[in-house]
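What follows is one structure encoded as structure tokens, with my remarks underneath.
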Amino acid sequence: MTENLIQFFGRLHPLIVHLPIGVLMLAIALQVLVSFSRYAHFRAFLPLLWFTGFVTAVMACVAGFLLKLSGGYDEEAVDLHQYMGIALAILTGFVFLIQSGRFPQRLSIPTVIIASFFLIGTGHYGGNLTHGEDYLSEPLYAMIGQTPGKKVRSPITDLKNALVYTDLVEPILEQKCYQCHNSKKQKGDLRLDSPENLLKGGEHGAVIAAGKADESDLYKRLILPEEDDDRMPPKGKTQLTESEIQLIHWWIDQGGADFKKKVADVPQYDKIKVVLTGLAKGAPIDDTKKEASEIPDSPVKAPDAAVLAKIRDLGVVVSPLTRDNRFVSLNMVNAPAFADADMALLTQISDNVIWLDMSETAITDKALENLKKFKNLTRLSLDQTDVSDPGLAYLQNMPRLKYLNLYGTKVTDQGLKLVANCKSLKSIYLWQTQVTQQGVAALQQRVGKEVEINFGMDTL
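In structure tokens:
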């Protein structure tokens with residue numbers, strides 16, 4: 001009973017911790033504001049704010065300590081977060097005493113500055129415990145084309161000689177499981193970030209029974225109902241796809257959970273053959289469920305294999321969206337040099353393309369001239385390219401286009417008038433473009449409320 005109560009109150013820490021953060025940020029901002037004479041009358045609110053910050057900081061410390069007792073965290077990392085949190089609470093209480101007149105006011109500014117640094121540090125290290133060490137820095141590294149803390153993986157060019165664990169299973173665990181089972185955080189005392197830790201298991205023992213996937217906790221928890229408390233990943237986290245689950249089952253069951261076996265060395269049953277065939281054709285491992293409504297009923301010829309090979313040679317990821325491979329998704333994530341001239345090659349399979357992602361490529365408005373041939377296209381991503389208003393004119397007569405991403409382009413309010421003529425659109429992304437609130441409001445009025453317009457923080 002006592003243990004359950006400790007666990008309950010400990011788990012309130014992620015909720016409680018936001019109270020002192022918000023209160024202290026407001027107190028620090030007001031502290032700066034009252035330094036200007038015209039706002040000096042707000043000084044009377046400072047003692048109350050700092051006292052509230054102190055009380056809530058103490059509450060967060062207590063809940064955090066109780067959460068720590070449940071284990072599952074790297075001791076060194078959690079201790080650093082804990083001690084910084086305690087220091088912040090003490091500093092906050094001291095600032096309250098200063099504001100109450102019990103200590104000289106001259107101590108106020110340096111103490112507030114120190115408390116500010118501890119607030120940032122405590123929050124940062126707490127975020128690292130929850131989301132991983134690279135949570136804050138990852139977007140910054142992404143700007144220069146790097147992924148911190150993750151292995152650099154080369155595309156699989158020869159599937160038969162690919163290592164089942166290293167090339168197929170490990171990327172799944174890294175993307176979907178490492179966040180809660182790594183060197184800094186071990187839910188259930190389980191780490192999944194190395195072969196040694198996988199074999200070691202967690203608080204309930206081994207998670208892999210070599211050659212017996214159906215008896216292995218690693219697999220069994222993946223297929224539990226999403227509402228089950230033992231389901232992994234838990235509800236609310238990004239789930240593994242059917243293909244990913246099948247790969248893990250195959251690796252344990254047929255591959256004997258061997259970390260050195262190649263794909264060609266492991267017996268393949270029918271279900272896994274379908275997955276491996278998709279991978280051989282360039283489909284990503286984490287193929288998400290496709291919306292059936294986006295696949296047209298009208299029959300089309302399968303895309304020419306020679307043309308697909310040329311497209312892949314450009315670095316384009318070609319992913320089949322149907323079992324018969326008639327319809328495909330094209331993604332230029334590995335082809336930043338893809339330019340206007342390359343569009344001519346894509347037009348040779350224009351009827352087969354359902355999704356087209358040309359984000360962060362070298363295309364301009366000229367490339368969009370070719371889109372009139374893509375009659376079955378439902379999703380188009382042009383974010384962070386040099387596309388501008390003239391290019392949007394070519395989208396007006398696309399009968400099936402539902403999703404359009406223009407984030408970070410040069411589009412203005414004038415271009416939105418052209419977008420409004422695309423009657424099939426359901427979702428438009430316009431963050432960090434040159435459009436205005438007035439332009440977005442006018443577009444919303446023309447297309448109706450059923451169309452989602454994402455304008456960043458100002459989404460309508």
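The UniProt record's numbering puts the first residue of the sequence shown at 1, with every later residue one more than the last. Even glycine gets a Cβ: it sits at the ideal position worked out from N, Cα and C.
In the DSSP assignment, TRP355 falls outside any alpha helix (DSSP H) and lies within the beta strand (DSSP E) extending over 353-357.
About 11 Å separates the beta carbons of LEU199 and LEU192, which is beyond the 8 Å limit, so they are not a contact pair. By the Cβ rule, the segment 156-167 does not count as touching the segment 120-127, because fewer than three pairs are nearer than 8 Å. By the beta-carbon neighbour count (other beta carbons within 10 angstroms, threshold 16), ALA309 is exposed. Listed in chain order, the non-local C-beta contacts of THR361 below 8 Å within the same chain comprise MET332, ALA335, PRO336, ALA337, PHE338, ALA339 and THR385, local neighbours out to five positions each way being set aside. For GLU452, there is no enclosing alpha helix (DSSP H); the residue is part of the beta strand (DSSP E) that begins and ends at 452-454. The alpha-carbon separation between GLY85 and LEU67 amounts to approximately 14 Å. Within the same chain, and ignoring the five residues on either side of ILE311 in sequence, the residues whose Cβ sits closer than 8 Å to its Cβ are VAL318, LEU330, LEU345, LEU346 and ILE349.
Between the segment 99-108 and the segment 53-61 there are fewer than three C-beta pairs closer than 8 Å, too few to call the two in contact. DSSP, reduced to helix, strand and coil, places HIS18 within a helical segment of the structure shown.
Between the segment 363-370 and the segment 412-419, the count of C-beta pairs closer than 8 Å stays below three; the two stretches do not touch. In the DSSP annotation of this structure, the continuous segment of the alpha helix (DSSP H) that includes PRO171 starts and ends at 170-176.
DSSP links VAL328 through a beta bridge to PRO320 and VAL353. Cβ contact annotation for PHE42 (same chain, cutoff 7 Å, sequence separation greater than five): LEU30, LEU33 and VAL34, in chain order.
Pairing LEU48 with GLN437, the inter-Cα distance amounts to about 38 Å. Proximity to LEU406 across ASN397, GLY391, MET398 and THR2 peaks at GLY391, based on C-alpha coordinates. Per DSSP, reduced to three states, the secondary structure at HIS181 is strand.
Our two residues, PHE45 and PHE51, have alpha carbons roughly 10 Å apart in a direct line. Under DSSP, ILE428 takes part in a beta bridge, and its partners are LEU404 and ILE453.
Taking the Cα positions, ILE354 is about 6 Å away from PHE327.
By the CB criterion at 8 Å, VAL451 and LYS426 fall inside the cutoff. Taken in chain order, the complete alpha helix (DSSP H) segments of 4 or more residues contained in the segment 62-116 are 75-99.
Within the same chain, Cβ atoms closer than 7 Å to the Cβ of ILE6 are found at LEU66 and LEU69, the five residues on either side in sequence being excluded. For GLN186, the three-state secondary structure derived from DSSP is strand. Residue pairing by DSSP places LYS262 opposite LEU163 in a beta bridge. Nearest in C-alpha terms to GLY127, of all of VAL62, GLY93 and HIS13, is HIS13.
Residue range 379-381 is occupied by the beta strand (DSSP E) that includes LEU380. When DSSP states are grouped into helix, strand and coil, GLY126 belongs to the helix group. Between LEU321 and ILE363, the C-beta gap is not smaller than 8 Å, which leaves the two residues out of contact. For VAL419, the closest C-alpha among the options LEU247, LEU401 and TYR83 is that of LEU401.
Check the Cα spacing between ASP258 and each of ASP228, TYR394 and ALA209: the tightest is with ALA209.
Contact between the segment 239-255 and the segment 178-185 is absent, with fewer than three C-beta pairs closer than 8 Å. Between ALA27 and CYS61, the alpha-carbon positions lie close to 19 Å from each other. DSSP lists GLY205 as the beta-bridge partner residues of GLY202. When the Cα atoms are used, SER381 and VAL95 turn out to be separated by approximately 50 Å.
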